[in-house]
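In this text, residue positions in the sequence shown follow the numbering used here: the first is 302, and each later residue adds one.
Heads up, the beta-carbon is just placed ideally off N, CA and C, and yes, glycines get one too.
Fair warning: this is a prediction, and the values are worked out from it, not measured in the lab.
Working notes for the structure below.
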Amino acid sequence: MRCSQIHSFNIPVTPPDLSALSGEEKARLLRLVERWQNEPAALLTMILEIQEIWGYLPERVLEYVASALKVPLVDLFAIREFYDLLHGAPVPARIGLCTNTPCAVRGGGRVARLLSEALAKHPDVGLHLEELPCQGCCDLAPVAVLPAGGRRETGDWRPETGNRSITIRLTSGAASRLARALVRGEGDFVSQLKSPVSGLSTGGRVKLTPTRVAYRNLHRPEAHRLDVFRAHGGYATLERVLRTSSPEDVIAAITDSGLLGAGGAGFPTGRKWGAVRKAPGDQKFIVVNADEGEPGTFKDRPILERDPHLLIEGAAIAAYAVGTTQGFIYLRGEYRLARERLACALAEARGAGFLGGRIAGTPFSLELHLRLGAGSYVAGDETAMLESLEGRPALPRVKPPYPSDHGLFGRPTLVNNVETLAAVPAILERGPAWYRGLGRNGSAGVKVYCLSGDVTRPGNYELPRGLTARELIFTHGGGARRKTPLKAFLVGGASGGFLPPGELDIPLEIASLRAKGADLGSGAVVVVGAQSCLLDLARRETRFFAKESCGACDPCRLGTPVLVKELDRLLDPRTRSQAETRIRELGAALLDSSRCGLGQVAAFPLLSVLRHFPDEIAAHGPGRCPVGVCGRGPRRA
Ligand SMILES: Cc1cc2nc3c(=O)[nH]c(=O)nc-3n(C[C@H](O)[C@H](O)[C@H](O)COP(=O)(O)O)c2cc1C
Ligand code: SF4
Ligand code: FES
Numbered sequence: 302m303r304c305s306q307i308h309s310f311n312i313p314v315t316p317p318d319l320s321a322l323s324g325e326e327k328a329r330l331l332r333l334v335e336r337w338q339n340e341p342a343a344l345l346t347m348i349l350e351i352q353e354i355w356g357y358l359p360e361r362v363l364e365y366v367a368s369a370l371k372v373p374l375v376d377l378f379a380i381r382e383f384y385d386l387l388h389g390a391p392v393p394a395r396i397g398l399c400t401n402t403p404c405a406v407r408g409g410g411r412v413a414r415l416l417s418e419a420l421a422k423h424p425d426v427g428l429h430l431e432e433l434p435c436q437g438c439c440d441l442a443p444v445a446v447l448p449a450g451g452r453r454e455t456g457d458w459r460p461e462t463g464n465r466s467i468t469i470r471l472t473s474g475a476a477s478r479l480a481r482a483l484v485r486g487e488g489d490f491v492s493q494l495k496s497p498v499s500g501l502s503t504g505g506r507v508k509l510t511p512t513r514v515a516y517r518n519l520h521r522p523e524a525h526r527l528d529v530f531r532a533h534g535g536y537a538t539l540e541r542v543l544r545t546s547s548p549e550d551v552i553a554a555i556t557d558s559g560l561l562g563a564g565g566a567g568f569p570t571g572r573k574w575g576a577v578r579k580a581p582g583d584q585k586f587i588v589v590n591a592d593e594g595e596p597g598t599f600k601d602r603p604i605l606e607r608d609p610h611l612l613i614e615g616a617a618i619a620a621y622a623v624g625t626t627q628g629f630i631y632l633r634g635e636y637r638l639a640r641e642r643l644a645c646a647l648a649e650a651r652g653a654g655f656l657g658g659r660i661a662g663t664p665f666s667l668e669l670h671l672r673l674g675a676g677s678y679v680a681g682d683e684t685a686m687l688e689s690l691e692g693r694p695a696l697p698r699v700k701p702p703y704p705s706d707h708g709l710f711g712r713p714t715l716v717n718n719v720e721t722l723a724a725v726p727a728i729l730e731r732g733p734a735w736y737r738g739l740g741r742n743g744s745a746g747v748k749v750y751c752l753s754g755d756v757t758r759p760g761n762y763e764l765p766r767g768l769t770a771r772e773l774i775f776t777h778g779g780g781a782r783r784k785t786p787l788k789a790f791l792v793g794g795a796s797g798g799f800l801p802p803g804e805l806d807i808p809l810e811i812a813s814l815r816a817k818g819a820d821l822g823s824g825a826v827v828v829v830g831a832q833s834c835l836l837d838l839a840r841r842e843t844r845f846f847a848k849e850s851c852g853a854c855d856p857c858r859l860g861t862p863v864l865v866k867e868l869d870r871l872l873d874p875r876t877r878s879q880a881e882t883r884i885r886e887l888g889a890a891l892l893d894s895s896r897c898g899l900g901q902v903a904a905f906p907l908l909s910v911l912r913h914f915p916d917e918i919a920a921h922g923p924g925r926c927p928v929g930v931c932g933r934g935p936r937r938a
């Protein structure tokens, strides 16, 4: 299906007058439309690239795209409105601050206060503060996104497109220096920051562990290059599988290995592959979910940036197993280095005969295309992602039917996470029994845990499924940072729950965690020290869900803002017990009746605080917070 064929009806639009554009702008626009218009599932990617010309999407330009592609203009407006990275007007210069739990725990609230005070005193600086969701680099927390290379004297703050912003770890010390530089009117304030400023790649540090599966090459320098990848056996498993194994053999091996999806739901991968294989239809698709948006999660980023060929190899094996020749990698729009590396790796793989027609001289063919997300957490849901690829706002679909029967363009579709697919080559090379045996406490295999927050060594750890939280946090992560007493740990990111230190011996596997009101999810584990307020953190998570709710179903659209209000009523002993009852009722209603996982789990963090931390709630009163975070004055960002 072509970019221009995704709509079942066409509304003719008079070609707009482009004379107001400069020659160069017009040439770039025409080149982009020409480049993308015949590419499958490319509308959003094309729009994002067009936006890079101006930093926003002028109406004239959308009119032109509508007329060139013969799609209704109103559909393009709907897309522009839906995705956070798309803008209808020039973006005011801003400093973005991540407000999710891992950044809050590491002092993000104080950073926000310092900067907002400085900017409020000096509005002439011309910058404003903006709350951002998790940027996928929580090991660097607290994280800020700054305009790069702006010169205040000329008012030349650039909108954040292309490479015009930088993501940075902004401690309170650095924030104080930044605030001083801003009020002194120093344009090039970024160079004054002593904390490490990232290049294109940001965070997602990998802590090497003895057993490497999805992270098998990350200790090698330059593993993203095809020659390096091949020198260490890359693509050999794909070649062997294509020559010697049937698709059914591959599915059986993956099923026997016990591999579970690493994207959040933990669904058995072999079973999913079997369902897509069996689904009737000549045309099927594979979609690689590289949208990594769960707060606290930064595990796919290193694979995408530093080992993209491993992902391609895993995806090609999966495509062979389920019987498809077409696939898409849906990449988080903010991951700039990953975008470059993947584009390059796809071209290299095509050139070397590992993608395209008759791969490795066998009858199997696969086209794999890179497509970009545009700043929507809910687009990470598999059905929302399919909507997005079809060129619409990412609204989750009602399930069933499941993507394995009725997926992209109505065809059977396999959706798998990056880590899941990157594990496949090692499993097929060393055997399902080897992989299964890596797990602990009754679990099979390994998982990458994203450890962040008040911990000595934050980072990504590939370790056995079923190891205990204590081993992860203390043996591997070095325990709580600066010996701060541990108050809680959040397992499963925003979709999970807070657990008390008494639960540190819980195995990190799905069933044990769910029984305690948490979840393994995508593997995020956030350590919370004594100076953090759990109600403040639960509020952040709940507000995140309320903001990211797509509004397609009533329980979530209406219920998530009510949860935030009820959370505030918890602070007052007079309304506390009523609020607790209401939160429990709402949580049950959301779980039962929301269309997608976002609404279903929106109350989980708050419910876990009610369940495990009654003393923390009781210690609050109007204007009183036991650690002085949430009861004083206005809420912090
Ligand atoms: C709101 C929401 C956001 C999600 N975000 C992601 C994501 O960023 N990455 C991901 O792989 N899965 C995400 N998922 C899970 C996907 O829907 C799907 O289960 C997963 O991609 C399947 O791959 P797996 O079986 O390999 O885990 C999300 C689900 C929901 C409900
Ligand atoms: S649960 Fe929320 S995010 Fe999911 S479809 Fe409904 S409104 Fe949208
Ligand atoms: S980068 Fe701030 S929470 Fe992930």
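Return the Cβ separation of residue i and residue j in integer angstroms, given the expectation that the two are a contact with Cβ distance under 8 Å.
{"i": "Y536", "j": "A591", "result": "About 20 Å; that fails the 8 Å criterion."}
{"i": "S909", "j": "G798", "result": "3 Å"}
{"i": "L605", "j": "V719", "result": "6 Å"}
{"i": "L891", "j": "G898", "result": "In fact, because the Cβ distance is near 11 Å, the residues do not count as touching under 8 Å."}
{"i": "V577", "j": "L715", "result": "4 Å"}
{"i": "L761", "j": "K600", "result": "The residue you asked about is not Leu; residue 761 is Asn in the sequence shown. Yes, N761 and K600 are in contact; Cβ-Cβ is about 5 Å, under 8 Å."}
{"i": "C854", "j": "S796", "result": "No, C854 and S796 are not in contact; Cβ-Cβ is about 17 Å, not under 8 Å."}
{"i": "T512", "j": "V747", "result": "6 Å"}
{"i": "L330", "j": "I351", "result": "6 Å"}
{"i": "L539", "j": "A653", "result": "At roughly 11 Å, the Cβ-Cβ gap does not stay under 8 Å, so L539 and A653 are not in contact."}
Starting from residue i and walking both ways along the alpha helix (DSSP H), at which residues does that stretch end?
{"i": "Y762", "result": "Taken as a continuous stretch (DSSP letters only), Y762 belongs to no alpha helix (DSSP H), being part of the beta strand (DSSP E) at 760-765."}
{"i": "P596", "result": "Taken as a continuous stretch (DSSP letters only), P596 belongs to no alpha helix (DSSP H), as it is neither H nor E."}
{"i": "I884", "result": "874-894"}
{"i": "E668", "result": "Not the alpha helix (DSSP H): E668 falls in the beta strand (DSSP E), residues 668-673."}
{"i": "I552", "result": "548-558"}
{"i": "G798", "result": "Counting along the chain, G798 falls outside any alpha helix (DSSP H), though it belongs to the beta strand (DSSP E) covering 798-800."}
{"i": "F383", "result": "374-383"}
{"i": "L656", "result": "Unbroken run through L656: none, as it is neither H nor E."}
In the DSSP output, what is residue i paired with across the bridge?
{"i": "I467", "result": "L447"}
{"i": "C857", "result": "For C857, which the question treats as bridged, DSSP gives no partner whatsoever."}
{"i": "E431", "result": "G397"}
{"i": "K508", "result": "Y762"}
Can you determine whether any heavy atom of ligand 4 sits closer than 8 Å to the C-beta of residue i, and answer yes or no?
{"i": "G564", "result": "Annotation note on ligand 4: not contained in the displayed structure, which lists ligand 1, ligand 2 and ligand 3 as its ligands."}
Going by DSSP, what residue range makes up the beta strand (DSSP E) through residue i?
{"i": "F846", "result": "Unbroken run through F846 is the alpha helix (DSSP H), 835-849; no beta strand (DSSP E)."}
{"i": "I630", "result": "627-632"}
{"i": "Y750", "result": "747-754"}
{"i": "V699", "result": "Run containing V699: none; DSSP gives neither H nor E here."}
{"i": "G830", "result": "825-830"}
{"i": "L330", "result": "Note, L330: premise wrong, no beta strand (DSSP E); alpha helix (DSSP H) at 324-337."}
What is the rounded straight-line gap between the Cα of residue i and the Cα of residue j?
{"i": "I396", "j": "A781", "result": "29 Å"}
{"i": "P603", "j": "L722", "result": "14 Å"}
{"i": "L416", "j": "G922", "result": "28 Å"}
{"i": "G818", "j": "T625", "result": "38 Å"}
{"i": "S499", "j": "I469", "result": "Confidence at S499 is low in this model, with a pLDDT of 48, below 50, so the placement of that residue is unreliable and no value is reported for it."}
{"i": "H533", "j": "L322", "result": "50 Å"}
{"i": "G929", "j": "L764", "result": "36 Å"}
{"i": "A675", "j": "H777", "result": "35 Å"}
{"i": "R741", "j": "P808", "result": "8 Å"}
{"i": "N464", "j": "R637", "result": "Its pLDDT being 46, under 50, N464 is placed unreliably by the model, and the measurement read from it follows with that caveat. The straight-line gap from Cα to Cα measures roughly 8 Å."}
{"i": "I811", "j": "P569", "result": "12 Å"}
{"i": "R875", "j": "H525", "result": "59 Å"}
{"i": "P701", "j": "S320", "result": "49 Å"}
{"i": "G456", "j": "P448", "result": "Confidence at G456 is low in this model, with a pLDDT of 40, below 50, so its placement is unreliable and the value that follows should be read with caution. One C-alpha to the other measures close to 12 Å."}
{"i": "P927", "j": "D837", "result": "11 Å"}
{"i": "G474", "j": "R411", "result": "10 Å"}
{"i": "S677", "j": "P726", "result": "30 Å"}
{"i": "L656", "j": "L768", "result": "37 Å"}
{"i": "M686", "j": "C857", "result": "19 Å"}
{"i": "Y703", "j": "K573", "result": "10 Å"}
{"i": "A367", "j": "R633", "result": "25 Å"}
{"i": "I884", "j": "E917", "result": "17 Å"}
{"i": "G408", "j": "S850", "result": "26 Å"}
message: Whether or not the stretch 550-567 and the stretch 819-830 are in contact is what I'm after, with contact meaning three or more pairs of Cβ atoms, one per stretch, closer than 8 Å; do they touch?
response: At 8 Å Cβ cutoff, the stretches touch.
- prompt: Is the number of C-beta pairs between the stretch 606-619 and the stretch 687-706 that are closer than 8 Å three or more?
  reply: Contact between the stretch 606-619 and the stretch 687-706 is absent, because fewer than three Cβ pairs lie under 8 Å.
Touch test, the stretch 429-448 against the stretch 393-411, Cβ-Cβ under 8 Å, three pairs minimum: Proximity of the stretch 429-448 to the stretch 393-411 meets the contact definition, three or more beta-carbon pairs being nearer than 8 Å.
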